[in-house]
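Engineer:
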Amino acid sequence: MNVKNISIDGVSEGRNILYEEKAPFSSATQWIVILGGFILAMFYFLQFFFSLVDRSPGRETIRLMVVVLYSFIMWSFLGMKFRITDKSVEAVMPPFVYSIPLSEITGMRTIENIQWQAGWGLWVWGDRLAFISMHKDAVEVGKGKGFFKKVLLTTRDPEEFIDMVNRYTQNKIKFKKTGGKN
470 MNVKNISIDG
480 VSEGRNILYE
490 EKAPFSSATQ
500 WIVILGGFIL
510 AMFYFLQFFF
520 SLVDRSPGRE
530 TIRLMVVVLY
540 SFIMWSFLGM
550 KFRITDKSVE
560 AVMPPFVYSI
570 PLSEITGMRT
580 IENIQWQAGW
590 GLWVWGDRLA
600 FISMHKDAVE
610 VGKGKGFFKK
620 VLLTTRDPEE
630 FIDMVNRYTQ
640 NKIKFKKTGG
650 KN
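Numbering (my numbering), first residue to last: 470 to 651.
1. If you reduce the DSSP assignment to three classes, tell me which class T554 lands in.
2. Tell me the rounded alpha-carbon separation between P493 and T624.
3. At the level of alpha carbons, what is the spacing between E490 and V608?
4. How many Å lie between S476 and L571 at the Cα?
5. Consider the C-beta atom of V634 and the heavy atoms of the ligand NAD; say whether any pair is separated by less than 8 Å.
6. Would the beta-carbon of I569 fall within 9 Å of that of K612?
7. Could you please give the first and the last residue of the uninterrupted beta strand (DSSP E) stretch that includes T575?
8. Give me whichever residues DSSP pairs with W594 in a beta bridge.
9. For L533, which residues in the same chain have their Cβ closer than 7 Å to its Cβ, ignoring the five residues on either side in sequence?
10. In whole angstroms, what is the alpha-carbon distance linking S496 and I601?
11. How big is the Cα-Cα spacing for I574 and G527?
12. Compute the Euclidean distance between the alpha carbons of I508 and V537, then round it to the nearest angstrom.
13. Give me the Cα-Cα distance between T638 and G588, rounded to the nearest whole angstrom.
14. Identify every run of the alpha helix (DSSP H) within the region 484 to 512, keeping only runs that are complete inside it and at least 4 residues long; order them along the chain.
15. Just tell me which of M577, L622, K605 and Q516 has its CA closest to the CA of I631.
16. Anyone know if the C-beta pair for R597 and K614 falls short of 9 Å?
Given below as structure tokens:
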């Protein structure tokens, strides 16, 4: 078992990271993000150097802030990852980390093909929190406590992720792999 101690985000400090994976992204998603950033950057560059639009200081600041905000959001989205520690299952979307203690997990199951209407990123639907990087099968983690009773994770291989949670917790807790519609 490959165990490493990571304390970069502060939340994992003192915990052993047993497994970590970067969230899967389709090539179309990556192109949309890159193209959007490129268009914003080019617009800012052209308006700054060629005065294609009004150059009042307030508007220039707003345009720069839009580029910075877009960059921050895309850094956060593309930095999404999921990890299993010796004490919890974690979803990371910088600068946020959502940790689900293993003792609070009531069950895990696979959800078939998240619909495109769900969008991408971090979503809140009532008592469900979703970390969506791609419209595909996902892991639904049921919780006994807390505001969110279900957490959706779009891992690379949902069934394998559930198996890893079972394996790394040394079968102290057995989670079933049951399919289902969201």
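Ideal Cβ positions, reconstructed from N, Cα and C, are used throughout, including at glycine.
Structural biologist: Taking the definition as stated:
1. The count along the sequence shown starts at 1 and reaches residue 554 at position 85. Looking at T554 - three-state DSSP - the assignment turns out to be strand.
2. The residue you call residue 493 lines up with position 24 of the sequence shown. The residue you call residue 624 lines up with position 155 of the sequence shown. C-alpha separation (whole angstroms): 7 Å.
3. Position 21 of the sequence shown, counting from 1, holds the residue named residue 490. Position 139 of the sequence shown, counting from 1, holds the residue named residue 608. Roughly 14 Å separates the two Cα atoms.
4. Translated into positions along the sequence shown, residue 476 becomes position 7. Translated into positions along the sequence shown, residue 571 becomes position 102. Only weak support exists for where S476 lies, its pLDDT of 43 falling under 50; the value from the coordinates is given anyway. Using only the alpha carbons, I get a separation of about 19 Å.
5. With respect to the ligand NAD, the structure shown offers nothing to examine, as it has no ligands at all.
6. Start at 1 with the first residue of the sequence shown, and residue 569 comes out as number 100. Start at 1 with the first residue of the sequence shown, and residue 612 comes out as number 143. It is a contact, given that the beta carbons lie within the stated cut-off.
7. Within the sequence shown, numbered from 1, the residue matching residue 575 stands at position 106. From DSSP, the beta strand (DSSP E) with T575 extends over I574 to I580.
8. For the purposes of this step, residue 594 is taken as the residue at position 125 of the sequence shown. Bridge partners of W594: R597.
9. Translated into the one-based positions of the sequence shown, residue 533 becomes position 64. Within the same chain, L533 has close Cβ partners Y513.
10. Looking up residue 496 in the sequence shown gives position 27. Looking up residue 601 in the sequence shown gives position 132. Going by the C-alpha atoms only, they are around 15 Å apart.
11. As a position in the sequence shown, residue 574 is number 105, starting the count at 1. As a position in the sequence shown, residue 527 is number 58, starting the count at 1. Roughly 50 Å separates the two Cα atoms.
12. The residue labelled residue 508 in the question sits at position 39 within the sequence shown. The residue labelled residue 537 in the question sits at position 68 within the sequence shown. Roughly 13 Å separates the two Cα atoms.
13. In the sequence shown, residue 638 corresponds to position 169, counting from 1. In the sequence shown, residue 588 corresponds to position 119, counting from 1. For T638 and G588, the distance between alpha carbons rounds to 32 Å.
14. none
15. The residue labelled residue 631 in the question sits at position 162 within the sequence shown. Cα-wise, what sits closest to I631 is M577.
16. Stepping through the sequence shown from its first residue, residue 597 is reached at position 128. Stepping through the sequence shown from its first residue, residue 614 is reached at position 145. Their beta carbons are not under 9 Å apart, which means R597 does not touch K614 by this criterion.
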